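Engineer:
Residue numbers (the working numbering): 6 to 325.
1) Exposed or buried, residue 318, counting other C-beta atoms within 10 Å across all chains shown (16 or more means buried)?
2) Note down the Cα distance separating residue 294 from residue 85, rounded to an integer number of angstroms.
3) Go ahead and pull the three-state DSSP assignment for residue 230.
4) Express the C-alpha separation of residue 291 and residue 36 in angstroms, rounding to a whole number.
5) Does DSSP put residue 321 in a helix, a strand or coil?
6) Can you name the start and end residues of the alpha helix (DSSP H) that residue 48 belongs to?
7) Looking only at C-alpha atoms, which of 72, 182 and 232 sits nearest to residue 130?
8) Does residue 13 come out as helix, strand or coil in the three-state DSSP assignment?
9) Would you say residue 190 and residue 207 are within 7 Å of each other, going by their C-beta atoms?
10) Is it true that the region 52-68 meets the region 16-31, where meeting means three or more beta-carbon pairs spaced less than 8 Å apart?
11) Which complete alpha helix (DSSP H) runs does the region 164-210 hold, if anything under 4 residues is left out?
12) Which word fits residue 316, buried or exposed, when buried means at least 16 other C-beta atoms lie within 10 angstroms of its C-beta?
13) Thinking just about the alpha-carbon of each residue, which of 62, 59 and 39 is nearest to the one in residue 73?
14) With a threshold of 7 Å on Cβ separation, who are the neighbours of residue 121 within its own chain once the five nearest residues in sequence on each side are excluded?
15) Note the first and the last residue of the continuous beta strand (DSSP E) segment covering residue 55.
16) Residue ranges of each alpha helix (DSSP H) run of no fewer than 4 residues wholly in the region 291-319, ordered along the chain?
17) Tell me whether residue 17 is buried or exposed, calling it buried when 16 or more other Cβ atoms sit within 10 Å of its Cβ.
18) Please work out which residues of its chain come closer than 6 Å, Cβ to Cβ, to residue 302, disregarding the five sequence neighbours upstream and downstream, and give them in chain order.
19) Just curious, the alpha helix (DSSP H) that residue 30 is in, first and last residue?
20) Three or more C-beta pairs under 8 Å: does that hold for the region 137-155 against the region 211-220?
21) If you follow the beta strand (DSSP E) that residue 243 is part of, which residue opens it and which one closes it?
22) DSSP has residue 104 in a bridge; who is on the other side?
23) Which of helix, strand or coil does DSSP assign to residue 86?
24) Where residue 75 and residue 19 are concerned, what is the direct C-alpha to C-alpha distance, given to the nearest angstrom?
25) Rounded to whole angstroms, how far is the Cβ of residue 23 from the Cβ of residue 102, which I believe are closer than 8 Å?
Laid out in structure tokens, this is it:
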């Protein structure tokens, strides 16, 4: 098994935004290789507390080694979607300091020879962050009907040739099951015209399937709404996203709760469509720390090219 090494994007910017203080509780919702957690711990020790979550056992094992000398961190092998349940179970009523999210897949996941995230590695179709989950990329590619495939390729991949690719997938699987990443890449090449582009033809398709398998956009929306209620006054939400679909959700939620609002936020239609349901008026719950997203520096992009697409948005809890 390859070593779990993950580059924490905009590490200083994301942790600086938390305004870490000794004695307060912080959450690292997406532990990964432990980069954010380590820096937070350096700033809140000895009396601050950190709880870090990750659904990927490889990440848990790697980060546990990195953070083994810190006594004020609790590492939880669970999804960030269960933060509220975990805190309630452990009788923790509020997050006094803040919470950081990094919604990007980690480098070891994306470059793994066996986990099926990469179109450059021939492996079984998988793409599960949680290796205990039953539903995988194989199920999407082989079981979804043509209309469902078009929908996820269009919405989650913003793929211009969604219909062609979906039709070709359905044709191919009538003959034999689509089992490997290379099988899928071959289909994408066969279904799409050769055009000049800086990105691989299968990039958007793999992104769309990964989002569908892991329910990424719904998880972001639901979790941000949920943790908002757990933050103490002045606690910080520091959120790093890696593509426009994620960033749009964070931007919309931050914008919504930074104004007088009505009732609860509901998703309707698809991932980028919102309807705000009214019951009674409420004061703003968030104050935007940065109205425009922070992006990675030129120096960081040189060291870690995937950081060029990252955006950091920060908000402070108010009026609690």
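Positions of the beta carbon are idealized from the N, C-alpha and C atoms, including for glycine. Remember, predicted model here, so these are calculated numbers, not experimental data.
Structural biologist: Per the coordinate set shown:
1) By 1-based counting over the chain shown, the position of residue 318 is 313. Note on residue 318: 16 or more other CB atoms within 10 angstroms of its CB, so buried under the neighbour-count rule.
2) Start at 1 with the first residue of the chain shown, and residue 294 comes out as number 289. Start at 1 with the first residue of the chain shown, and residue 85 comes out as number 80. Between the alpha carbons of residue 294 and residue 85 lies a distance of about 23 Å.
3) For the purposes of this step, residue 230 is identified with residue 225 of the chain shown, where counting begins at 1. In the structure shown, residue 230 sits in a helix (DSSP, three-state: H, G or I).
4) To locate residue 36, count along the chain shown from 1; it is residue 31. To locate residue 291, count along the chain shown from 1; it is residue 286. So the alpha carbons of these two residues sit roughly 24 Å apart.
5) Numbered from its first residue, the chain shown carries residue 321 at position 316. Correct three-state label for residue 321: strand.
6) Translated into the one-based positions of the chain shown, residue 48 becomes position 43. Where residue 48 is concerned, the enclosing alpha helix (DSSP H) stretches over 40-49.
7) The sequence position of residue 130 within the chain shown is 125, counting from 1. Nearest C-alpha to residue 130: 182.
8) Taking the first residue of the chain shown as position 1, residue 13 is located at position 8. Residue 13 sits in coil when the DSSP states are folded into three classes, being neither helix nor strand.
9) Within the chain shown, the letter at position 185 stands for residue 190. Within the chain shown, the letter at position 202 stands for residue 207. Contact flag set, yes.
10) These segments touch.
11) Counting only runs of 4 or more, we get 167-180 and 186-196.
12) Translated into the one-based positions of the chain shown, residue 316 becomes position 311. The C-beta of residue 316 has 16 or more other C-beta atoms within 10 Å across all chains shown, which makes the residue buried.
13) Translated into the one-based positions of the chain shown, residue 73 becomes position 68. Nearest C-alpha to residue 73: 39.
14) Mapped onto the chain shown, residue 121 falls at position 116. Result list for residue 121: 128, 129, 130, 131, 132, 142 and 186, in chain order.
15) The residue given as residue 55 occupies position 50 in the chain shown. It spans 54-58 - the beta strand (DSSP E) in which residue 55 sits, taken as one unbroken run.
16) Fully enclosed alpha helix (DSSP H) runs of 4 or longer: 303-308.
17) Working through the chain shown from its first residue, we reach residue 17 at position 12. With fewer than 16 Cβ atoms within 10 Å of its Cβ, residue 17 is classed as exposed.
18) Residue 302 sits at position 297 when you count from the first residue of the chain shown. Cβ-Cβ distances below 6 Å link residue 302 to nothing in the same chain once the five nearest sequence neighbours on each side are left out.
19) Position 25 of the chain shown, counted from the first residue, corresponds to residue 30. Counting along the chain, residue 30 falls outside any alpha helix (DSSP H), though it belongs to the beta strand (DSSP E) covering 30-33.
20) Yes, the region 137-155 touches the region 211-220.
21) The residue labelled residue 243 in the question sits at position 238 within the chain shown. Per DSSP, the continuous beta strand (DSSP E) segment holding residue 243 begins and ends at 241-246.
22) Stepping through the chain shown from its first residue, residue 104 is reached at position 99. For residue 104, DSSP records a beta bridge to 32 and 242.
23) Taking the chain shown and counting its residues from 1, the one referred to as residue 86 is at position 81. It is helical.
24) For the purposes of this step, residue 75 is identified with residue 70 of the chain shown, where counting begins at 1. For the purposes of this step, residue 19 is identified with residue 14 of the chain shown, where counting begins at 1. For residue 75 and residue 19, the gap between their C-alpha atoms comes out near 21 Å.
25) Stepping through the chain shown from its first residue, residue 23 is reached at position 18. Stepping through the chain shown from its first residue, residue 102 is reached at position 97. Indeed, because the Cβ distance is near 7 Å, the residues count as touching under 8 Å.
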